[in-house]
Amino acid sequence: MNRFSSRLAVVTSSAALLFFAAPAFAAPSISSVTPVTATAGMHTTFRATVSSSAPIESCNLYVDLNDKGAMTINGNTASLAYTFPYGGARIAFVFCRDTAGGLNSGPNTSVWVEGALQNAAPLSGSDSGSMQSENQAITEQPQVEATSTLQTPIAVTAAASSSQLVKLACPTGAEPEDPCKAVYYVDAEGSRHAFPNEHVYFGWYSDFSQVKEVSSEEIASFTLGKNVAYRPGERLVKFTTDPKVYAVGARGELRWVSSETVAQDLYGADWNKKVDDIPDAFYTDYSFGTEIGAPTDFSPTTEMEDVADIETNLR
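Those letters in the sequence shown? Residues -26 to -1, 1 to 289, per mature numbering (1 follows the signal peptide of the UniProt record, and there is no 0), in order.
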């Protein structure tokens, strides 16, 4: 099975999935990760300031969009030691839950790691698996082609002509999980945005022909922005702890599909095979709009046509 496909919600009890009441989410406050520099092969303790109206229950450190484990919470500080085996520009953020059911993720933080790049032997510590988890950043060579309802995959349009897709140049023999495989969308203002999984990427692009290889220093020079959201109208989504199924609107707005009948009318009899499960850590990539109570409340085709490119969807 493709490492991404394990995250797909192939719903076997769709009616139950749609009609459970979702939990109420408060929002813990989480700072950026510090420090923003590290040295390959050496332990670095990463910290974030966290607080909430209810006690913080747990926090996890994410590196390159992957969970690296539970952090120690001491007062308002969450911390965890982590070792990068390679140098280069990396992404880190902290995800926390509180005892009242609230959850939130801190901002993506760019961490510059001094040391040899991926074409050298790894230093002490291991990053193996860091790009293999189900919510990994999109890589250049997925094992199987992603399925997509998109009939004509779009490219960056003239409206976003100064934007680009970039990645590091990979050495010969680079493994699929190598961080050099990660692709970023760089917007017109020079911020880079990660693709959380392959379905997000292939909603916008059909292949990797537009990807430009750049140096690690150039990657780091782009300000780190928010993650790229699913293309509007392209798929349905749900969160790990929220059983509601949502349609995706413009600029990452999620709208609850209130019944199985509506889901079938909008996405066909196999609608439950078009649902992607999003880890809770990416909850804050999206906002929430009004529910879809009837097929006339939402048009997947119109949503896709109204947002022609990622640049528009980021505004």
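For glycine and all other residues, C-beta sits at the position ideal for the given N, C-alpha and C.
Range of the contiguous beta strand (DSSP E) that encloses N171: From DSSP, N171 is part of no beta strand (DSSP E); its letter is neither H nor E.
DSSP beta-bridge partners of D216: F213
Three-state class that DSSP yields for S233 in the structure shown: coil
Length of the line joining the Cα atoms of S79 and K155: 24 Å
Inter-stretch contact at 8 Å, needing at least 3 Cβ pairs: the region 170 to 180 / the region 201 to 208: yes
Buried or exposed (CB count within 10 angstroms, at least 16 for buried), N50: exposed
Residue environment, V10, which counts as buried when at least 16 other CB atoms sit within 10 Å: exposed
CB contact flag (F196, V160, <7 Å): yes
6 Å CB neighbourhood of A22 in its chain, flanking five on each side removed: I4, S5, V7, A52, V68, G80
Continuous alpha helix (DSSP H) stretch holding I284: start and end: 284 to 288
K141, buried or exposed, once every other Cβ within 10 Å from all chains shown has been counted against 16: buried
C-beta contact flag for S32 and R71 at 7 Å: yes
Endpoints, beta strand (DSSP E) assigned at E192: Here E192 belongs to no beta strand (DSSP E); instead the alpha helix (DSSP H) covers 190 to 195.
Residue ranges of each beta strand (DSSP E) within the region 4 to 37, 3 or longer: 11 to 13, 17 to 25, 30 to 37
Backbone CA spacing between S180 and V281 [nearest angstrom]: 17 Å
Any 3 or more C-beta pairs closer than 8 Å across the region 187 to 196 and the region 205 to 220: no
Burial state of K186, where buried means 16 or more other Cβ atoms lie within 10 Å: exposed
S261 to L288 span [Cα, whole Å]: 13 Å
Rounded C-alpha distance that separates L54 from S273: 45 Å
Integer-rounded CB distance, given that Y60 should sit under 8 Å from A90: 7 Å
Cα-Cα separation between G103 and T270, rounded to whole angstroms: Unreliable placement is indicated for G103, whose pLDDT of 35 sits below 50; the coordinate value is still reported in the next sentence. Cα to Cα, G103 sits roughly 44 Å from T270.
Segments assigned beta strand (DSSP E), at least 3 residues, entirely inside the region 51 to 82: 51 to 57, 62 to 72, 77 to 79
CB contact flag (A28, T73, <7 Å): yes
Chain D within 7 Å of A14, Cβ atoms only: Among the chains in the structure shown there is no chain D, since it carries only a single protein chain.
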